[in-house]
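These notes concern the structure reproduced below.
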Amino acid sequence: MKLSVLQEKGVDIQKDLIGIFFEDINYGADGGIYAEMIENRSFEFVDARGDNDAYFQIYDGMYGWEAFPKGEKVNLSISTSRPQNQVNPHYLKADLKKGQGFTNKAYDGICAEKGRMLKLSFWARTNKDCLISVGLVNGENFYDEETVHLRGNSTWKKYQVSFCAKKDVRHELFCITANEDAEIDFDCISLFPQDAVCGIFRKDLMEKLEELNPKFIRFPGGCVVEGNELTNSYQWKNTVGDISERKANWNRWAVHGNNKDNHFHSKYSHYNQTLGLGYYEYFLMCEHLGAKALPVANVGLACQYQSSQRVLRDNPHYQDYIQDVLDLIEFANGSSDSKWGSVRAGMGHEAPFGLEYIGIGNEQWQTERVDFFERYDDFEKAIHAKYPEIKLIGSAGPTVFTPTYDAAWKNFYEKKDRTNYTYAVDEHYYMEPDWFLKNTHFYDKYDRSVKVFSGEYAAHDPEVKEDGKRNNFRCALAEAAFLTGVERNADVVYLSSYAPLFSRIGYTQWAPDLIWFDDKASYGTPSFYVQKLFSNYMGNKTLKSTLENGEENGVFQVVSQDEKNTYIKLVNTSDKDIKIELEGVKRGPAKTVTLKAGDLEYNSIEEPLKVAPIEGQLDLNDSLDLPAKTFLIINY
Ligand code: AHR
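Here you go:
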């Protein structure tokens, strides 16, 4: 086999080509990267049930909370009579005897290593001065506690206190007890580890995102944008301001997999959104990672799979959806004396965030009932009338190679001459590994006049059913092969992101996913490393190159270059070690990165780096050995 690299430019590569797609699915936000440890901190959780067009929620404000000592009768109840705020009106009334209190289950329990500071804040109201203790509970033992003096003046007051884990703890409950008989109201009880990045994000998960070096973040979904119905569609204005006043909601993924057999009630039915990770925090996350924000707007449609709900275009309320996007741009980019810019500044960010991209709808598609194309027109017109520079993302629906996908592309091609009409069209494909291997030329044939955002894709192995094992190397290698085609076609594919990003073990509605975690640790999948390598080893243009007898033997390649570096990517999906002769490749020392494993190998909490890249050196000569089942990068 011979690799020939010509010193001739292929195409320019957009610097934002590799990004990430964040959705609050699989407990990726609450219980995930949002470092809040308390589950149901504002006593607003609901138990979400039902199915398509027949959803209902049962209020379950004590979810996650229990009396302490366990099994003892403690006078705890929920009230709304004199709330801390009107947005989240429920609060806990605790009529406590000395030594009594309550615990929080904190997802899988509190996990903290010795010496880690935990920052607690809560609202409380009591009519007489009293002392309470806050800390952790292991069975009967209450420890690591701090004492807090509550002021008895019958008004809500916010308290903040830190306490430190004095030994390594795991699966402990968080606990508050009274040091004397007292009647106390509590609300918004929040506990963050002190090492949370920006005070908000779970450290190990942010570090994983840093490794990916994403150039953009698409958020907050996914179907979460649309909601199962309009009541739980994502409304960004509910996600900014003080955390106690962000209207909690049920998560779209709480009802995933509901059917007759489970009585339309899944084990995720208490998957709620506190919205503590809201738009301000998403922008901060982008800023921290040096990634551009790509928020996705709802266009007045609930999830087309899950619901028939929509706001008709001639309904005056439809204009609110458009106004929300205009206000979002002002929130992100407006001066601090504009209406929404001042909200941003009030939250602590005087300078604009520099929003460039907005997605119009998630994976909407046109039907007889759903006029997505006309909605896109309405949004585009209104946004560009005020903000002509904003880059808008269209949608080609949930799949490729379907009539709806064809119709979407026809629509966008027909409008291609309208100035700045669409920056790129978002298309989604979750396919078998073999599909990715057979479609490395997928984008070769695309008309270049409208660009692509490959916004959700992942190889799904039909032979593997167990969640964690689904992220095997066969899938990752197929994605790497496919991405050689994406990179080679970077003149038409402007943006791309694997999906979904996160999954908490034991809380998974959708697998495979890029990064897995539990209460303590996290790991990147083989697909994570493919993303990381493509993101970190890519030039700003491709070089024309050929690999004689490559693809027919399962070997794929792409070569790119910038001012300082050349990157050769070789993906050998076959079972054979292969010798590759080199032509047009510089001789001498080069760095290598090798990702190699067996088809069914995968990473896990126990073996997080079983499949991981290994850096090395190579003295480039007339040929090189490319082992079987290997993704190899050569960098000089
Ligand atoms: O990534 C999971 C889901 O797949 C997304 O929410 C949705 O956009 C797609 O159908």
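Using the numbering used here, you'd call the opening residue of the sequence shown number 934 and step up by one each time.
Glycine included, each C-beta is placed from N, C-alpha and C at the ideal position.
Contact between the segment 1203-1217 and the segment 958-976 is present, with at least three C-beta pairs closer than 8 Å.
Q1297 sits close to L1234, with the two beta carbons spaced by under 8 Å.
The secondary-structure analysis by DSSP pairs F1435 across a beta bridge with I1448. For C1156, the uninterrupted alpha helix (DSSP H) run begins and ends at C1156 to E1159, by DSSP. Boundaries for E1540: no alpha helix (DSSP H) harbours it, and the DSSP string shows neither H nor E there. The segment 1024-1034 makes contact with the segment 995-1012, as at least three CB pairs between them are under 8 Å. Scanning S1556, V1463, F1001 and K1562 for the CA closest to the CA of K935 turns up S1556.
Following the DSSP letters along the chain, one finds R1308 inside the alpha helix (DSSP H) bounded by residues F1305 to K1319. Rounded to whole angstroms, the gap between the alpha carbons of D1446 and Y1356 is 27 Å. Looking at the backbone, the Cα of Y1431 and that of T1479 are separated by about 27 Å. By the Cβ neighbour-count rule, H1361 is buried, with 16 or more other Cβ atoms within 10 Å of its own.
Beta-bridge annotation (DSSP): P1522 is paired with D1552.
With 16 or more neighbouring CB atoms inside 10 Å of its own CB, I1043 falls in the buried class. For G1292, the enclosing beta strand (DSSP E) begins and ends at Y1290 to I1293. The closest heavy atom of the ligand AHR lies 7 Å or more from the beta carbon of N1568. R1185 sits close to N1165, with the two beta carbons spaced by under 8 Å. Beta-bridge pairing by DSSP links W1183 to N1205.
Bridge partners of H1082 according to DSSP: L1064.
Setting aside the 5 residues that flank it on each side, E1073 is surrounded in the same chain by P1002, each with a C-beta closer than 7 Å to its C-beta; the list follows chain order. F1134 has Y967 and V1130 as its beta-bridge partners, per DSSP. In this structure, G1132 keeps its C-beta atom at 8 Å or more from the C-beta atom of T1172. Distance between G943 and N1372, taken at the CA atoms: about 20 Å. From the listed residues H1082, T1499, L1145 and E1313, the smallest Cα separation to F1345 is found for E1313. No heavy atom of the ligand AHR is found nearer than 7 Å to the CB of G952. Bounds of the alpha helix (DSSP H) holding H1221 are Y1212 to L1222. Under the DSSP assignment, Q1256 falls in the alpha helix (DSSP H) whose first and last residues are Y1251 to N1266. Within the same chain, and ignoring the five residues on either side of F1369 in sequence, the residues whose Cβ sits closer than 7 Å to its Cβ are A1392, A1411, E1412, A1414 and F1415. DSSP, reduced to helix, strand and coil, places E1516 within a strand of the structure shown.
Between the C-alpha atoms of W1273 and F955 there is a straight-line separation of about 24 Å.
A direct Cα-Cα distance of roughly 58 Å separates I1547 from N1008.
At least one heavy atom of the ligand AHR falls within 7 Å of the beta-carbon of C1156.
Per DSSP, F1461 is one residue of the alpha helix (DSSP H) stretching across P1459 to N1469.
In this structure, the C-beta of W1342 stays at least 7 Å away from each heavy atom of the ligand AHR. Annotation for E1481: M934 and K935 place their beta carbon closer than 7 Å to its own, counting only its chain and skipping 5 residues before and after. Here I946 carries a coil assignment [DSSP, helix/strand/coil]. DSSP, read as helix, strand or coil, puts R1015 in coil.
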